[in-house]
Amino acid sequence: MTVEVQLAPSDRGRIGRQARLRVKLTQGTKTTAHILQDIDFDDQGKTRMEYTWPPGRYELGLTVEGLRGTAQGLWVGHIEIPESLDQAPTPPPAEPTVEAPIAEIDAPSVTSGPEAVAPAAAPVVVSAPPPPKSPGTATETAAETASPVTTPVQASSPVYALVLDIDPSDIELAERAADLRSSIDRRFEKLTPIVIQAGDSSPTMALNRALAVLQPASDSRAIIVISDVRRKASRSEWKKITASVQDTKIPVFVIGLWNDEFDPGTRKQFKRLATDSGGRSYLLQPAESPVRALEMLDSVLNANP
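Going by this note's numbering, the final residue of the sequence shown carries number 634, and the count climbs one at a time with no gaps.
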């Protein structure tokens, strides 16, 4: 199987020509492969790697550690590796699709031989939004350096925004967030996730992006924030985003991942935002199961439209 990554022009200087790639292939909670290797990007910011993995249904995570920054990519949904690489899985019948905003670059592609292996969903890379997750759904990803997203998202199914406020250079936290995100995807698979990567921006900026995308949607269920609770914002910024969320009547649910750099002030602001919006906040300890955190989302995300 071939994994290809292409950087946006704005990211090439930050990442550099030579970088280190971390590849994590998982099946549920089981890690099938965890690869660390040095890579070289060409003049167009592209690189390609060849891997051999056993047939199965997997979740794929990528982290690129560059000269002056890090980019993290997660595959939305699953990838399928067939029993025989000569027989790619048959794609589902064509249905009306919802287009996500066009990015500067193509998201990473996964191919096997001359034909692409049809994954269950398209990848999300920190540099750009991907194609729709599956027929009839859409996924929105905000780049670290991008301006707030204002393109309306129209989806046939109920939608929710998933804000990933995680430091991508912390591999352990990134893996915890990826596992939690996978659990959310499985638990609420009938809903359309709109993914917002906070990157280096403040949590309030990422929340503003989420609101800009959700407001046009006819059935916006909630904003879910997975955060390492490290980045800070001014009191006035928190006050503005709280007022904006209350105006839209979209509840905010915050799942904080405990770590040594945890900021109590940010935690307090997240908790207040969740309470004032009609949502809830939950602090997940390192070895704690996410079951209780997921159960608090059930009443909103699984509610009948």
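Positions of the beta carbon are idealized from the N, C-alpha and C atoms, including for glycine.
{"Asked": "What did DSSP end up calling residue 526 once you bin it into helix, strand or coil?", "Found": "strand"}
{"Asked": "Rounded to a whole number of angstroms, what is the C-alpha to C-alpha distance between residue 459 and residue 340?", "Found": "A caution first: residue 459 carries a pLDDT of 38, below 50, which makes its placement in the model unreliable, though a value can still be read off. One C-alpha to the other measures close to 17 Å."}
{"Asked": "Which of the three DSSP states, helix, strand or coil, is assigned to residue 573?", "Found": "helix"}
{"Asked": "Excluding the 5 residues flanking residue 531 on each side, which residues of the same chain have their C-beta closer than 6 Å to its C-beta?", "Found": "560 and 562"}
{"Asked": "Cβ atoms of residue 629 and residue 585: under 9 Å apart, would you say?", "Found": "no"}
{"Asked": "Since residue 524 contacts residue 491 with CB under 8 Å, what's their CB separation in whole angstroms?", "Found": "5 Å"}
{"Asked": "Per the DSSP calculation, residue 551 is bridged to which residue(s)?", "Found": "489"}
{"Asked": "Distance, Cα to Cα, residue 591 vs residue 613?", "Found": "12 Å"}
{"Asked": "Could you tell me how far apart the beta carbons of residue 347 and residue 369 are, in whole angstroms, since I believe they sit closer than 8 Å?", "Found": "6 Å"}
{"Asked": "Which same chain residues, not among the five before or five after residue 511, have their C-beta less than 6 Å away from its C-beta?", "Found": "388"}
{"Asked": "Considering only residues of the same chain and omitting the five flanking positions on each side of residue 588, which have a CB-CB separation below 7 Å?", "Found": "502 and 557"}
{"Asked": "DSSP three-state label for residue 556, please.", "Found": "strand"}
{"Asked": "How many Å lie between residue 379 and residue 598 at the Cα?", "Found": "45 Å"}
{"Asked": "Thinking just about the alpha-carbon of each residue, which of 344, 570 and 393 is nearest to the one in residue 499?", "Found": "393"}
{"Asked": "What is the DSSP secondary structure of residue 595, counted as helix, strand or coil?", "Found": "helix"}
{"Asked": "What are the partner residues of residue 381, as DSSP defines its beta bridges?", "Found": "Beta-bridge pairing links residue 381 to no other residue."}
{"Asked": "State the Cα-Cα distance for the pair residue 545 and residue 367, rounded to the nearest angstrom.", "Found": "43 Å"}
{"Asked": "Please report the Cβ distance between residue 603 and residue 620, rounded to the nearest whole angstrom; I am assuming they are in contact, meaning their Cβ atoms lie under 8 Å.", "Found": "Not confirmed; about 19 Å, so no contact."}
{"Asked": "Would you mind reading off the limits of the alpha helix (DSSP H) that contains residue 590?", "Found": "First-last for residue 590: undefined, no H or E at that position."}
{"Asked": "Buried or exposed: residue 356, going by 16 or more other Cβ atoms within 10 Å of its Cβ?", "Found": "exposed"}
{"Asked": "Please report the distance separating the alpha-carbon of residue 526 from that of residue 535.", "Found": "7 Å"}
{"Asked": "According to the neighbour-count rule (16 or more other Cβ atoms, all chains shown, within 10 Å of its Cβ), is residue 383 buried or exposed?", "Found": "exposed"}
{"Asked": "For residue 572, does the count of other Cβ atoms within 10 angstroms reach 16, so buried, or fall short, so exposed?", "Found": "exposed"}
{"Asked": "Quick one: what does DSSP say residue 432 is sitting in, helix, strand or coil?", "Found": "The pLDDT assigned to residue 432 is 33, lower than 50, so where the model puts this residue is not dependable; a value taken from the coordinates is nonetheless given after this. Three-state DSSP puts residue 432 in coil, outside helix and strand."}
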